[in-house]
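Here is the structure we will look at.
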Amino acid sequence: MKSPLADRVRPQNLKNFVGQVHLVGEGKVIRKALEHDKIFSMVFWGPPGCGKTTLARIIANETESHFVSLPAVTSGVADIRRVVKEAKERELAYKQDTILFIDEIHRFNKNQQDALLPYVEDGTVIFIGATTENPSFEVIGPLLSRSQVFTLNRLEPEELKQIAQRALKDKERGLGKYNIEFEEGALDFLIASANGDSRTVLNTLEIAANLQSENNTPPHSQAPGAYADLPAGKAGLAPGAFSAAGTLKITKNLLENILQRSSLKYDKGGEEHYNTISAFIKSMRGSDPDAALYYMARMLEGGEDPLFIARRMVIFASEDIGNADPHALPLATACFEACEKVGLPECRINMAQTVTYLATASKSNASYNALLKAEKDVKETLNEPIPLHLRNPVTDLMKEKGYGKDYKYPHNFEDHHVRGEDYLPKKLEGKKYYYPTNQGKEKNISKRLKELEDKE
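As structure tokens, this is what we get:
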């Protein structure tokens, strides 16, 4: 069975490797390690199709190491032990290093990673792991501490185009035999749809070339009238796929049919979850309703629970808006209730209303900051005695002890305020936690407190 195009045209050396210049460019860490033949265990963290597997294979080629690849999905402890046994024998017989490459290392459970650890530590194998997930969450600490984590970036459009053009010209391993031409804008459409994934670009090109060559054979190779009954656009193929003898034309319509719908990278339990909710909150805090709506839609499209998003809006309404707009909290709470009662897809309309309100509302974190200061004093002072006049005299003994004595009822005084009255424990008298801002409705609170202070 012929291997996929992405595997066939995989570069074998750094000279032909595209992308990740921050790691393999002149003077960069991986290039220098190869030049000095000083390879160490490492973890490649990056999006799909950015070159993690290819780079691992190049490292093995350029150091003349034996390369063993284990897919984490189907491998276990027994496979690790087998590789280790063979690595020891190879070292004794040929003095050759073994690079153990584990794809999707985040799918190895703790026991499997623990089983690998001693052999990485003693150098029996040089471990290279590849993962699309944040290693901080998915790889055990001891294994991380013995490996260098390198972040690989998604490939840029020009880099994807360079990879595609190389495959299109390669007559031995690539698609050069087809002499492919693209409808105007078709290749750019493919590059944009690939979302930085070179594998998507190459696999789509191969499918397109195969479909066109098999289903739209050039008219000159057929008997007269052979195309008389062929429906236009059969299998998504536009008539006239061959623009000239021996030239295969790929259209945007064909690529759209192959790609169908691009998938959104969103892991509800992983880093994208935390990245997106963080961007959502910070966009609302920054009073950008457009960005906030985008991130909300992105989370919903990725399958996020709308109640999770609504819950964060309830928190945001008090943490970042507070008394600058007291309507924010009841609106956010109503949105949460609407999500519970209505559900998707309709509740996203309620969410959009709330997101745009919260994003454009006046902002104040004064009440939240006040809480943090009060909590700090509580922890530092612990059980400071509550002033007697503020205690509730529930029993006669409490009355005898002075509970509630001399308490002044504010509603009996001018402005419903008792001048000079202390409500904090004696050790904290005069402490201030809440400093209202002049934002939105909170400026009225600021004005009220200032008036009361002036009358003291």
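Here the sequence shown is numbered in this note's numbering, starting from 29 and rising by one per residue. For every residue, glycine included, the Cβ atom is placed at its ideal position computed from N, Cα and C.
Rounded separation between residue i and residue j - CA only
{"i": "residue 177", "j": "residue 349", "result": "39 Å"}
{"i": "residue 247", "j": "residue 44", "result": "Only weak support is given to the placement of residue 247: the predicted model assigns it a pLDDT of 41, under 50, and the question is left unresolved by the model."}
{"i": "residue 79", "j": "residue 115", "result": "25 Å"}
{"i": "residue 415", "j": "residue 361", "result": "36 Å"}
{"i": "residue 485", "j": "residue 472", "result": "In the structure displayed, the chain extends from 29 to 484; residue 485 sits before or after that span and is not available."}
{"i": "residue 573", "j": "residue 155", "result": "Because the chain here runs from 29 to 484, residue 573 falls outside it and cannot be looked at."}
{"i": "residue 310", "j": "residue 227", "result": "33 Å"}
{"i": "residue 442", "j": "residue 383", "result": "42 Å"}
{"i": "residue 102", "j": "residue 464", "result": "59 Å"}
{"i": "residue 315", "j": "residue 301", "result": "21 Å"}
{"i": "residue 478", "j": "residue 76", "result": "58 Å"}
{"i": "residue 123", "j": "residue 225", "result": "37 Å"}
{"i": "residue 181", "j": "residue 456", "result": "53 Å"}
{"i": "residue 411", "j": "residue 405", "result": "10 Å"}
{"i": "residue 389", "j": "residue 323", "result": "18 Å"}
{"i": "residue 431", "j": "residue 438", "result": "18 Å"}
{"i": "residue 483", "j": "residue 409", "result": "30 Å"}
{"i": "residue 462", "j": "residue 308", "result": "27 Å"}
{"i": "residue 366", "j": "residue 381", "result": "12 Å"}
{"i": "residue 125", "j": "residue 341", "result": "54 Å"}
{"i": "residue 267", "j": "residue 234", "result": "Since pLDDT at residue 267 reaches only 43, below the 50 mark, its modelled position is unreliable, and the value read off the structure follows with that caveat. Their backbone Cα atoms lie some 19 Å apart in a straight line."}
{"i": "residue 385", "j": "residue 338", "result": "13 Å"}
{"i": "residue 136", "j": "residue 110", "result": "17 Å"}
{"i": "residue 458", "j": "residue 304", "result": "42 Å"}
{"i": "residue 299", "j": "residue 133", "result": "15 Å"}
{"i": "residue 108", "j": "residue 143", "result": "8 Å"}
{"i": "residue 69", "j": "residue 399", "result": "47 Å"}
{"i": "residue 325", "j": "residue 376", "result": "8 Å"}
{"i": "residue 199", "j": "residue 35", "result": "15 Å"}
{"i": "residue 192", "j": "residue 46", "result": "11 Å"}
{"i": "residue 364", "j": "residue 327", "result": "16 Å"}
{"i": "residue 37", "j": "residue 65", "result": "25 Å"}
{"i": "residue 466", "j": "residue 319", "result": "26 Å"}
{"i": "residue 241", "j": "residue 58", "result": "41 Å"}
{"i": "residue 60", "j": "residue 238", "result": "41 Å"}
{"i": "residue 32", "j": "residue 229", "result": "12 Å"}
{"i": "residue 499", "j": "residue 481", "result": "Nothing can be reported for residue 499, as the shown portion of the chain is limited to 29 through 484."}
{"i": "residue 378", "j": "residue 347", "result": "21 Å"}
Residue i, enclosing alpha helix (DSSP H) - first and last residue
{"i": "residue 193", "result": "185 to 197"}
{"i": "residue 375", "result": "375 to 388"}
{"i": "residue 477", "result": "470 to 482"}
{"i": "residue 50", "result": "49 to 52"}
{"i": "residue 35", "result": "33 to 36"}
{"i": "residue 57", "result": "57 to 63"}
{"i": "residue 164", "result": "163 to 166"}
{"i": "residue 414", "result": "No alpha helix (DSSP H) contains residue 414, which DSSP labels as neither H nor E."}
{"i": "residue 308", "result": "299 to 313"}
{"i": "residue 80", "result": "80 to 91"}
{"i": "residue 397", "result": "394 to 409"}
{"i": "residue 424", "result": "424 to 428"}
{"i": "residue 169", "result": "169 to 173"}
Proximity test, residue i beta-carbon vs the ligand HEM heavy atom, cut-off 7 Å
{"i": "residue 60", "result": "With respect to small molecules bound, the structure shown includes none, and the ligand HEM cannot be examined in it."}
Which residues DSSP lists as bridging residue i, in chain order
{"i": "residue 277", "result": "209"}
{"i": "residue 96", "result": "128"}
{"i": "residue 155", "result": "128"}
{"i": "residue 72", "result": "158 and 178"}
Where the beta strand (DSSP E) containing residue i begins and where it ends
{"i": "residue 179", "result": "176 to 179"}
Runs of beta strand (DSSP E) wholly within the segment 204 to 229 (minimum 3 residues, chain order): 208 to 210
Under 8 Å, with one C-beta from each stretch per pair, do the segment 217 to 227 and the segment 181 to 191 reach the 3-pair mark? These segments touch.
Just list the beta strand (DSSP E) runs in the segment 110 to 141, keeping only unbroken ones of 3 residues or longer that don't cross its boundaries, in chain order. 126 to 131
Pick out the complete alpha helix (DSSP H) segments inside the segment 321 to 370, 4 residues or longer, and give them in chain order. 334 to 344 and 356 to 370
Three or more C-beta pairs under 8 Å: does that hold for the segment 81 to 97 against the segment 123 to 139? Yes: at least three Cβ pairs fall under 8 Å.
Does the pairing of the segment 198 to 208 with the segment 275 to 283 give three or more beta-carbon distances under 8 Å? Enough Cβ pairs lie closer than 8 Å, so yes.
Should the segment 151 to 166 be called in touch with the segment 40 to 58, which here means at least 3 C-beta pairs below 8 Å? no
Quick check: the segment 138 to 153 against the segment 104 to 115, are there 3 or more CB pairs under 8 Å? Yes, the segment 138 to 153 touches the segment 104 to 115.
Is the segment 356 to 373 touching the segment 326 to 345 in the sense that three or more CB pairs, one from each, lie closer than 8 Å? yes
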